[in-house]
Every structure is written in C-alpha cells, then in structure tokens.
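Enquirer:
In mature numbering (1 follows the signal peptide of the UniProt record, and there is no 0), the protein residues as written are -20 to -1, 1 to 267.
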C-alpha cells in the first residue's frame, strides 16, 4: 500500500474514533460547561412556529425510483411522529432517523461514518423497547395497555420510575440517548434549511459550506478541537448541489426549496416537542 493509501486509512481511522467518541459521549466531559448556553441557543435557531393548529394538507411527495433514501418516506414519518398536543411517537421518530441515516450514507464514506454512530443510538432505544415488550409478554400484561417506549414522554416517565436515569454517571438508557439524537436532528434541520434558502443556483454556496455552517451553529460548541477537525474533513468531501437534486427527484433550486421547506417544517414540530419534554425533566445535559 502506498503512502497515499496509508494516509487515507489513517484519516478514516481517526475520524471514526473521534465521531464515535462524540456520539457515545466519551468526550462530553470536555464541553459540559457549554451545555447550559446550548440549551438557550437551541431556542434561537427555531425556524418555524411549532404546535400550529393547521395541518399540512399538501399532497404527499412522490417516491424516487431506484433510490435507497426516500425523502417522501422521511416526510411521512416526520408527520406521523407528533401525537396529542405535546408528545412524539417513538416508532415514526426512529423511522425518520432511518431515512436520515440513508441520506447521510449517500453523501459519501466520510459523512457515512457519522451515520453509523447515529444508528447505534437508534438501536439502543429499539433494543430497550424490544426488551420491555418481551418482559410485558412474559408477564401476560394486557396488550391493550401502553408500553414504556411508545412515545418520548412515556419513555421518560417510565425510565425515571425504574431508576434507569442517572444524572451524574453514564447509563445506557433511552433518556441519555435521546438528547444526542436531538442535537444531531437540529444540525441536519439547519443544513436542510440552508439548502432550501439558497435562491439563485449560480451564486449558491456549496452544500459543503452550508453543512459546515450548520455544524458550527449547532454541534461544534460541544466538541473538542479534534472532533471539529474530523467534521471538517467529512464536510469537504460532500457532493455538489446537483447530487442533492437527484436525491430528492427535483430538477431546480425552486423545486428543491419547496420540498425541503416541508421537511424542515416537519422536523421543527418534532424537535420542539422533544425539546420541551427533555427540558421539563432537565435531561438536555445528561452525561
């Protein structure tokens, strides 16, 4: 293997390690002092008013033939997630992440590293839900009653009652996992918002620049210098704007903006409800 090949392998190894540390919380002690400021700044990045009374009555997006990532499915799952006036159903929430993971994987191996770590987070919640369901079945509980992992709020209440949440030490709980997904969702929302806001295609900034800007406004303040540099490497390798058009089955920036604005609005509704639930129980800064 030549020098160039060894260099590429070294970069991939370092990037994998750093992003793994980021999402697993191994580096959290380096920036915990920033979390209180982040909670406040999260609110200022809100792009749409949440909990509106009017529903999205526009027709569903069409499925793109031959593609793994389907923005139509992403929008559908996001719109299915909000329930009642202030809660989020976990199944469609996690299904939304399945599509977002496919989205990130399509952007190349460097960004795909991030998606792999996010997938470990969704798997934690799914495994906890499966374990709880198996225990309920063994105890022959009424299947009509709700389980602990039906929604964000039911998960929080159940894990607190069972003593699964530790506010001082690392634990593998849904409540510890959710804030990390929550922060990553804000980053992706702002990135998609930026893609939609670029009006004139010929003068538009590259997706790499837009993703970097979204990262700096959301996740960067929680990360060490090394993690930030790894993120910069991932964003440099991002495809051009026309690749994103193909992903969404659109031809122009105007068509892309119309589609992305619907997705961003749906994300905002899910994000705001999750934010309120986590804030209520002081869980945004869980270790």
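Just so it is clear, CB atoms sit at the ideal spot from N, CA and C, and this is done for glycine as well.
By Cβ distance below 6 Å, which residues in the same chain neighbour residue 156 in space, the five residues on each side in sequence not counted?
Expert: Within the chain shown, residue 156 is the residue found at index 176, counting from 1. Counting only Cβ-Cβ distances below 6 Å, and skipping sequence neighbours, we find 266.
Enquirer: On the DSSP letters alone, give me the boundaries of the alpha helix (DSSP H) that residue 149 sits inside.
Expert: As a position in the chain shown, residue 149 is number 169, starting the count at 1. From DSSP, residue 149 is part of no alpha helix (DSSP H); its letter is neither H nor E.
Enquirer: CB-CB under 7 Å to residue 225, same chain, minus the five flanking residues each way: which ones, in chain order?
Expert: Translated into positions along the chain shown, residue 225 becomes position 245. Excluding residues within five positions, the ones whose Cβ falls inside 7 Å are 231, 236.
Enquirer: When the Cα atoms are used, what is the spatial distance from residue 44 to residue 79?
Expert: By one-based count along the chain shown, residue 44 stands at place 64. By one-based count along the chain shown, residue 79 stands at place 99. Going by the C-alpha atoms only, they are around 13 Å apart.
Enquirer: Which residues in the same chain as residue 188 place their Cβ atom closer than 7 Å to its Cβ, once the five residues preceding and following it in sequence are excluded?
Expert: The residue labelled residue 188 in the question sits at position 208 within the chain shown. Contacts found: 215, 216, 218.
Enquirer: Thinking C-beta only, is residue 58 closer than 7 Å to residue 41?
Expert: In the chain shown, residue 41 corresponds to position 61, counting from 1. In the chain shown, residue 58 corresponds to position 78, counting from 1. Contact: no.
Enquirer: Do you know offhand how far residue 70's Cα is from residue 130's?
Expert: Position 90 of the chain shown holds residue 70. Position 150 of the chain shown holds residue 130. Going by the C-alpha atoms only, they are around 6 Å apart.
Enquirer: Sort 260, 251, 161 by Cα distance to residue 305 and report the nearest one.
Expert: The structure shown does not extend to residue 305, since the chain is modelled only from -20 to 267, so the question has no answer here.
Enquirer: Which two residues bound the contiguous alpha helix (DSSP H) that contains residue 119?
Expert: As a first step, residue 119 is located in the chain shown; it is residue number 139 there, counting from the start. From DSSP, residue 119 is part of no alpha helix (DSSP H); its letter is neither H nor E.
Enquirer: Here's the rule I'm using: 16 or more other beta-carbon atoms within 10 Å means buried, otherwise exposed. How should residue 222 be labelled?
Expert: Within the chain shown, residue 222 is the residue found at index 242, counting from 1. Counting Cβ neighbours within 10 Å, residue 222 comes out exposed, since fewer than 16 surround it.
Enquirer: Report the option in 67, 116, 185 whose CA atom is closest to the CA atom of residue 252.
Expert: On the chain shown, position 272 is the one that residue 252 refers to. The option with the nearest alpha carbon to residue 252 is 67.
Enquirer: Where does residue 141 land, buried or exposed, given buried means 16+ other C-beta within 10 angstroms?
Expert: For the purposes of this step, residue 141 is taken as residue 161 along the chain shown, with counting starting at 1. Label assigned to residue 141: exposed.
Enquirer: Quick check: the Cα distance between residue 134 and residue 48, rounded to an integer number of angstroms?
Expert: Position 154 of the chain shown holds residue 134. Position 68 of the chain shown holds residue 48. If you take the alpha carbons of residue 134 and residue 48, they lie about 32 Å apart.
Enquirer: Could you have a look at residue 263 and say whether DSSP puts it in helix, strand or coil?
Expert: Residue mapping note: residue 263 aligns to position 283 of the chain shown, counting from 1. Coil.
Enquirer: Going by other Cβ atoms of all chains shown within 10 Å of its Cβ, with 16 needed for buried, is residue 34 buried or exposed?
Expert: For the purposes of this step, residue 34 is taken as the residue at position 54 of the chain shown. The predicted model places residue 34 with a pLDDT of 48, which falls under 50 and marks its position as unreliable; any figure quoted below should be read in that light. When all chains shown are included, residue 34 counts as exposed.
Enquirer: With distances taken Cα to Cα, identify the nearest neighbour of residue 178 among 249, 119, 234.
Expert: For the purposes of this step, residue 178 is identified with residue 198 of the chain shown, where counting begins at 1. Of the candidates 249, 119, 234, the one whose C-alpha sits nearest the C-alpha of residue 178 is 234.
Enquirer: Quick one: does residue 226 have its CB under 7 Å from some CB of chain B?
Expert: Chain labels in this structure do not include chain B; a single protein chain is all it has.
Enquirer: How big is the Cα-Cα spacing for residue 113 and residue 76?
Expert: Within the chain shown, the letter at position 133 stands for residue 113. Within the chain shown, the letter at position 96 stands for residue 76. Taking the straight line joining both Cα atoms gives about 21 Å.
Enquirer: Going by other Cβ atoms of all chains shown within 10 Å of its Cβ, with 16 needed for buried, is residue 117 buried or exposed?
Expert: Taking the chain shown and counting its residues from 1, the one referred to as residue 117 is at position 137. Residue 117 comes out exposed.
Enquirer: Hey, would you say residue 254 sits closer than 7 Å to residue 132, going by beta carbons?
Expert: In the chain shown, counting from the first residue as 1, residue 254 sits at position 274. In the chain shown, counting from the first residue as 1, residue 132 sits at position 152. Against a cut-off of 7 Å, the Cβ pair of residue 132 and residue 254 comes out as a contact.
Enquirer: With 16 other CB atoms within 10 Å as the buried threshold, where does residue 263 fall?
Expert: Indexing the chain shown from 1 puts residue 263 at position 283. By the neighbour-count rule (16 or more Cβ atoms within 10 Å), residue 263 is buried.
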